[in-house]
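Residue numbers (this note's numbering), protein chains in the order written: chain A, 71 to 481; chain B, 5 to 220. Glycine is no exception: its CB is placed at the ideal position from the N, C-alpha and C atoms. Below: one structure, written as structure tokens.
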Amino acid sequence: MILLFLASGLFLGWSLGANDASNVFGSAVGSKMISFRRAAIIASLFVVLGAVFQGSGTAQTLGKLGAVNALGGSFTVALAAAVTIFAMTKLALPVSTTQAIVGAIIGWNLFTGNQTDSRSLTQIAVTWITGPFLGAGFAIALYALLRLIRKKAGIHILKFESLTKTGLLAVGAFGAYSLGANNIANVMGVFIPAFMLPPLNLGIITLNSAQQLFLLGGFAIAAGILTYSKKVMETVGSNIIELSSEAALVVVLAQSMVLFIFSSSALSGMVENIGLPAIPLVPVSSSQVIVGCIMGIGIYKGVRNINFRMLGEIAAGWIAAPVASAALAFFSLFFMKNIFGINVGTKLEAGTLQKSAFMGLSDPRLSEIFRYALLSILIAALVSAMAYFLYDRKRKSELRRSEEKFWMNLK
Amino acid sequence: MALFTRTTKNLILRIDEFFDDVEIGLTVFREGIKAYLGNDSEAFQRHIAKIDALEGNADRLQRTIENEMITNSILPQHLGEVVKLIDQMDEILDTLKSSLNEFSIELPSIPESLTKNFLNITEASVSSAEELIPAARAYFKAPYTVREKLLKVYYFESETDKLTRSTKKTIFQDMPELDLAHKAHLRYIIHHLENISDEAQKAADLLSAMSVKLIM
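Have a look at this one:
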């Protein structure tokens with residue numbers, strides 16, 4: 071039953087993986103610089119790592135906004151966000167998982183009578199606006215630097231290409247890690263206060279309850295990447311964003327840096343230690359940040375006709391998505407509570423929130439399921455990697471043989 | 005991983021070797037024409053054999069370069085253009101080979117008074133193609149300098165046109181002692197020599213557009 075309640079969150083994760091992985095590897099795969107298989111494997115691995123090891127910062131911010139304290143509530147909130155995303159995508163309106171989930175949490179707050187933390191809400195809103203601009207700034211600086219290095223170094227175009235390819239893989243891995251770290255809160259954040267799992271010892275590391283949820287969410291994102299992101303990546307690379315390899319490298323790096331900045335507790339702490347205000351740890355929309363990065367490249371190249379309509383649509387998404395999601399969550403919670411009689415959460419006094427929420431949902435069998443799931447995924451990954459390696463080797467040797475045969479016949 | 009892999013290094017070497025072949029081919033062609041006009045048939049035959057070997061090697065390199073670039077997805081965004089450039093450069097080598105072979109088969113009789121004209125046309129036409137080689141190499145190492153290097157290609161191509169026009173005029177208007185078939189044959193041979201600079205110009209146009217795309 072508990073796993074069934076998690077389904078809406080897992081669906082959100084799957085859709086995030088299917089759509090947002092293209093922001094990390096889309097230009098590289100679409101332009102055929104990197105094969106989809108390689109990109110999908112790297113993205114899946116690093117998105118899980120980012121989610122498990124650095125996902126807590128942004129999850130805490132969402133938790134402050136509204137700690138959904140019943141599993142039925144978490145399910146409904148995630149479902150409302152997922153339906154909003156689906157509907158807005160169908161209507162061809164720009165939408166991000168982040169905005170939808172924030173709206174749904176506010177809807178839950180309104181329904182249960184909990185107050186929305188205005189400080190967290192302001193932080194989140196400011197970050198949404200700052201993200202694309204910061205991305206544009208990073209993109210301009212990095213692109214200028216890369217062009218300068220390339221011009222001064224006089225490096226052979228094929229060597230540069232080779233380096234760019236390696237760079238795209240490394241930056242893509244960093245991007246996937248940052249995506250997992252920043253966006254896992256959107257997928258599993260609402261379930262954290264409603265779950266209390268016993269620590270899971272994996273031998274090298276021990277995962278706490280939130281990390282186990284993040285691991286599961288990370289797997290859902292990875293499943294989205296592996297099963298459905300190919301088409302999106304190819305579309306992004308060949309139709310919408312026609313970028314040179316170096317521009318693609320810069321765009322992905324700039325986007326990853328923005329996502330990393332808004333999800334790294336360590337970086338935020340460092341900034342605070344030197345006397346500056348701490349960086350808010352907030353999930354941001356990778357799609358909107360990447361639009362900012364691409365516009366940065368356009369500005370650097372002197373493109374004057376910036377697509378203000380697209381900027382307007384993004385700004386509209388900042389308001390429309392949360393409002394629609396909040397309304398849908400509110401009404402869905404009403405139906406869940408009054409028609410199906412499911413507990414969707416209650417108004418709680420500050421301080422009692424965590425304690426009461428965790429009661430009764432601790433199930434050691436879930437840890438066992440996680441352990442076996444992890445083992446199966448590791449085995450599947452190893453087998454796939456081996457099969458890919460053998461297939462690639464066979465393909466290359468066939469080509470070599472056909473070449474040799476061709477020249478032999480010619481003689 | 006792609007970093008400095010053997011494939012990339014080999015590809016760089018093969019592209020360089022291909023350009024070397026075209027460059028040497030141009031020198032061999034020039035010397036071959038000189039040998040023909042100087043009635044040194046032994047040297048002429050040697051140059052034909054040499055250009056045949058160079059052309060064969062360039063064809064093999066061209067195919068390998070194209071295969072490696074496609075199978076390893078190297079320079080995917082510029083792949084089509086690079087392949088076309090290599091193809092166009094190979095076309096120059098093909099023209100050199102076929103021209104020398106035409107001389108060898110048809111044994112055109114070139115009046116002594118026109119020897120200097122033929123040498124000048126050859127020199128200008130070959131120079132046009134020779135100036136293309138550093139520009140093509142620069143595309144891979146310093147694309148910013150390609151366009152300035154191409155200026156000389158256009159200059160020598162236009163020189164070739166001028167020399168061709170004046171030589172044809174001399175043949176058809178100032179040499180009544182030659183019969184029409186001889187005149188037509190000479191025009192045909194001139195056309196062969198002129199073809200080299202025309203092919204070089206086509207490659208230069210392509211290279212110019214490619215370099216702009218690369219530095220944008």
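Run of the alpha helix (DSSP H) containing Lys13 (chain B), from where it starts to where it stops: Arg10 to Leu41
Partner residues on chain B for Lys221 (chain A), Cβ-Cβ distance less than 8 Å: Tyr148
Rounded separation between Arg10 (chain B) and Glu35 (chain B) - CA only: 37 Å
Rounded distance between the beta-carbons of Asn253 (chain A) and Thr146 (chain A), thought under 8 Å: Between Asn253 (chain A) and Thr146 (chain A) the Cβ distance is about 20 Å, and since that is not below 8 Å, they are no contact.
Distance between Leu155 (chain B) and Glu106 (chain B) (C-alpha atoms, nearest Å): 30 Å
Exposed unless 16 or more other CB atoms sit within 10 angstroms - verdict on Pro269 (chain A): exposed
Neighbour-count burial assignment, Asp25 (chain B), 16 or more Cβ in a 10 Å radius: buried
Proximity below 8 Å, CB of Ala91 (chain A) to CB of Met303 (chain A): yes
Extent of the continuous alpha helix (DSSP H) to which Val87 (chain B) belongs: Leu83 to Glu110
Neighbour-count burial assignment, Lys217 (chain B), 16 or more Cβ in a 10 Å radius: exposed
Chain E residues whose Cβ lies nearer than 7 Å to that of Met103 (chain A): Absence of chain E from the displayed structure is noted, the protein chains being A and B.
Simplified DSSP state of Asn184 (chain A), which is helix, strand or coil: coil
Cβ neighbours of Val393 (chain A) in the same chain (closer than 8 Å, five flanking residues each side left out): Gly173
Against chain A: residues of the stretch 90 to 104 of chain B by CB proximity under 7 Å: none
Cβ pair count under 8 Å reaching 3, the stretch 234 to 251 of chain A against the stretch 107 to 122 of chain A: yes
Within 9 Å of chain B by C-beta, residues of the stretch 314 to 348 of chain A in sequence order: Ser314 and Ser315
Ile371 (chain A): first and last residue of the uninterrupted alpha helix (DSSP H) it sits in: Checking the sequence, you will find Lys at residue 371 (chain A) rather than Ile. First-last for Lys371 (chain A): undefined, no H or E at that position.
Proximal residues to Phe208 (chain A) (C-beta, below 6 Å), its chain only, five neighbours per side dropped: Ala324 and Met327
The stretch 89 to 105 of chain A touching the stretch 73 to 81 of chain B, judged by at least three CB pairs closer than 8 Å: yes
Buried versus exposed call for Gln282 (chain A) [16 or more other C-beta atoms within 10 Å across all chains shown]: buried
Span of the alpha helix (DSSP H) around Gly242 (chain A): Ile227 to Met258
Close-in-space but distant-in-sequence residues of the same chain around Phe176 (chain B) (CB under 7 Å, 5 per side omitted): Lys187
Where Glu304 (chain A) meets chain B, residues with beta-carbon distance less than 9 Å: Per Cβ cutoff of 9 Å: no residues; Glu304 (chain A) is ~13 Å from chain B at best.
Environment of Gly430 (chain A) [buried if 16+ CB atoms lie within 10 Å]: Residue confidence for Gly430 (chain A) is low, a pLDDT of 43 falling below 50, so the modelled location carries little weight; the figure read from the coordinates is stated next. Classification of Gly430 (chain A): exposed, given that the 10 Å Cβ count is below 16.
Span separating the alpha-carbon of Ala142 (chain B) from that of Val150 (chain B): 6 Å
C-beta neighbour in chain A for Lys145 (chain B), strict 8 Å: yes
Through-space distance from Ala110 (chain A) to Ile295 (chain A), alpha-carbon basis: 6 Å
Reduced DSSP secondary structure (H/G/I, E/B, other) of Leu277 (chain A): strand
Buried versus exposed call for Thr128 (chain A) [16 or more other C-beta atoms within 10 Å across all chains shown]: buried
Per-residue DSSP class, three states only, for Asn413 (chain A): coil
Beta-carbon proximity check, Asn93 (chain A) vs Ser333 (chain A), cutoff 8 Å: no
Asn271 (chain A) (DSSP reduced to helix, strand or coil): strand
Where Gly224 (chain A) sits in the DSSP three-state scheme: coil
Simplified DSSP assignment, three categories, for Gln424 (chain A): Caution applies to Gln424 (chain A), whose pLDDT of 47 falls short of 50 and renders its modelled position unreliable; the value that the coordinates give is listed next. Gln424 (chain A): helix per DSSP, three-state reduction.
Proximity of Ala88 (chain A) and Ser395 (chain A) at Cβ, strictly below 8 Å: no
Closest by C-alpha distance to Gly142 (chain A), when choosing among A:Ala170, A:Arg217, A:Leu132 and A:Phe261: A:Phe261
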